[in-house]
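Per the working numbering, residue 79 is the first one in the sequence shown, and the count goes up by one each step.
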Amino acid sequence: MLLTVELFGKFMLYGLLAITAIIVYYAIKLVIRARNVVRESGGYIESKPMKHFHVFLIMIATASVIIYLLKIGLENNVGMLNEVVFLIFPYLALAIFLMGSIYRYKSRGFQVSSLSSEFLERKKLFWGSQPFHWGLLVLFFGHLIAFLFPQSVLAWNGEPIRLLILEVSSFVFALAALTGLVLLIKRRMTNSQILVVSNKMDMLVYTTLLVQIVSGLGVAYFVRWGSSWFAGVLTPYLRSLFAFNPDIAAVSAMPWLIQIHIISAFGLIAIIPFTRYMHFLVAPIDYTWRGYQLVIWNWGRKSIRNSRAHFFGKKPTT
Numbered sequence: 079m080l081l082t083v084e085l086f087g088k089f090m091l092y093g094l095l096a097i098t099a100i101i102v103y104y105a106i107k108l109v110i111r112a113r114n115v116v117r118e119s120g121g122y123i124e125s126k127p128m129k130h131f132h133v134f135l136i137m138i139a140t141a142s143v144i145i146y147l148l149k150i151g152l153e154n155n156v157g158m159l160n161e162v163v164f165l166i167f168p169y170l171a172l173a174i175f176l177m178g179s180i181y182r183y184k185s186r187g188f189q190v191s192s193l194s195s196e197f198l199e200r201k202k203l204f205w206g207s208q209p210f211h212w213g214l215l216v217l218f219f220g221h222l223i224a225f226l227f228p229q230s231v232l233a234w235n236g237e238p239i240r241l242l243i244l245e246v247s248s249f250v251f252a253l254a255a256l257t258g259l260v261l262l263i264k265r266r267m268t269n270s271q272i273l274v275v276s277n278k279m280d281m282l283v284y285t286t287l288l289v290q291i292v293s294g295l296g297v298a299y300f301v302r303w304g305s306s307w308f309a310g311v312l313t314p315y316l317r318s319l320f321a322f323n324p325d326i327a328a329v330s331a332m333p334w335l336i337q338i339h340i341i342s343a344f345g346l347i348a349i350i351p352f353t354r355y356m357h358f359l360v361a362p363i364d365y366t367w368r369g370y371q372l373v374i375w376n377w378g379r380k381s382i383r384n385s386r387a388h389f390f391g392k393k394p395t396t
């Protein structure tokens, strides 16, 4: 029986590596082919409509299969799966994130944008974007505080009432993020104008975010007191990664839900340079201290609002 499980684990591990290699190969081949077609057509290609909902369902199904296979492999501790997902994959994800972000910013700086669709639809965007962004923002800083000040978090959790307040509030913000994400997905899938400016990477981001948030909610409900074990187990693991002295013994023994949450987090980091979510790296923070812009009007600001002229202001001289 143990031999069968070990053989199955090795088969699954090699299968995942083979699938990853095939995906990377065909992705590179597709990019090269697309560039050649664009060059031959003079820069214009008539695109065919993509069935985004079908692509999204396929990605969800693929993610479910991968999670199931990882669950079996991690629970049975087969092969070198723990080393691959907790040792090799984090460094690979961070390397892709750093090199991809630098390359995109240097070579395609003007394409670093959120590609906002607010001008196409605003009301549904507001009700989806607000809970999603505020939920993620609070959760991100909560994880960051537990990473930077683990002893303070453990001291705070020493009182049961404070531990409950922290856990319940985190769960509520995670539910807010999930609600906002579902509303944003529904908005994009049901609006034909927004679908025109959508692509497959948007569906991949939605899938990864769903896995990340749902697994986090699962951890909070089924594996209680996450703030304490994060500070006591995951913080040393993450610090060991940044110190280039990785210690995966503790994280390898964690429940599979926590492990999936960690893997999906690094997966989300790896795909950032290839998606619109790279825009947070170039947020206009300098607006808070830069000088005011000087705007000069060459016409009356009151009269121009009531003008019926085709050309506003002074006509250009030839």
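Using N, Cα and C, we set each Cβ at its ideal position, and we do this for glycine too.
Just so it is clear, the structure is predicted and the values come from calculations on it, not from any experiment.
Find out if the Cβ-Cβ distance for the pair residue i, residue j is shorter than 8 Å.
i, j, result
"Ile291", "Ala343", "no"
"Gly206", "Arg265", "yes"
"Gly258", "Gln337", "no"
"Glu245", "Ala298", "yes"
"Phe251", "Leu217", "yes"
"Phe134", "Met281", "yes"
"Leu253", "Lys202", "no"
"Pro324", "Gly178", "no"
Does DSSP put residue i in a helix, a strand or coil?
i, result
"Leu372", "coil"
"Ser230", "helix"
"Val250", "helix"
"Asn155", "coil"
"Lys129", "coil"
"Gly50", "For the chain, the structure presents residues 79 to 396; residue 50 sits outside this window and is missing."
"Glu124", "In this prediction, Glu124 has a pLDDT of 48, which is less than 50 and means its spatial position is unreliable; what the coordinates show is noted afterwards. Of the three classes helix, strand and coil, the one that applies to Glu124 here is coil, per DSSP."
"Leu241", "helix"
"Asn160", "helix"
"Trp205", "helix"
"Val443", "Examination of residue 443 is not possible in this model, given that the chain is present from 79 through 396 alone."
"Arg265", "helix"
"Arg200", "coil"
For residue i, I'd like the list of residues in its chain whose CB is within less than 6 Å of its CB, leaving aside the five on either flank, ordered along the chain.
i, result
"Val163", "Ile341"
"Glu124", "Here the model assigns Glu124 a pLDDT of 48, short of 50, so the residue's position is not dependable, and the following value carries that caveat. Around Glu124: no qualifying Cβ."
"Val289", "Ala141, Ser342"
"Pro428", "Look at the range of the chain in this structure, 79 to 396, and you will see that residue 428 is not part of it."
Going along the chain, which residues of its own chain have a beta-carbon closer than 7 Å to the beta-carbon of residue i, five neighbours each way excluded?
i, result
"Gly220", "Ser248"
"Val76", "Within the shown structure, residues of the chain are numbered from 79 to 396, placing residue 76 beyond reach of any answer."
"Met137", "Met281, Leu282, Thr285"
Excluding the 5 residues flanking residue i on each side, which residues of the same chain have their C-beta closer than 8 Å to its C-beta?
i, result
"Ile166", "none"
"Ala328", "Val311, Pro314, Tyr315"
"Glu199", "Arg265, Asn269, Gln271, Ile272"
"Lys149", "Trp334, Ile338"
"Ser306", "Val231, Leu232, Asn235, Leu241"
"Leu287", "Leu259, Leu346"
Does the Cβ of residue i lie closer than 7 Å to at least one heavy atom of the ligand FMN?
i, result
"Leu261", "Questions concerning the ligand FMN fall outside what the structure shown contains, since it holds no ligand whatsoever."
What are the complete alpha helix (DSSP H) segments, minimum 4 residues, inside the stretch 298-353? 304-307, 313-320, 327-330, 334-349
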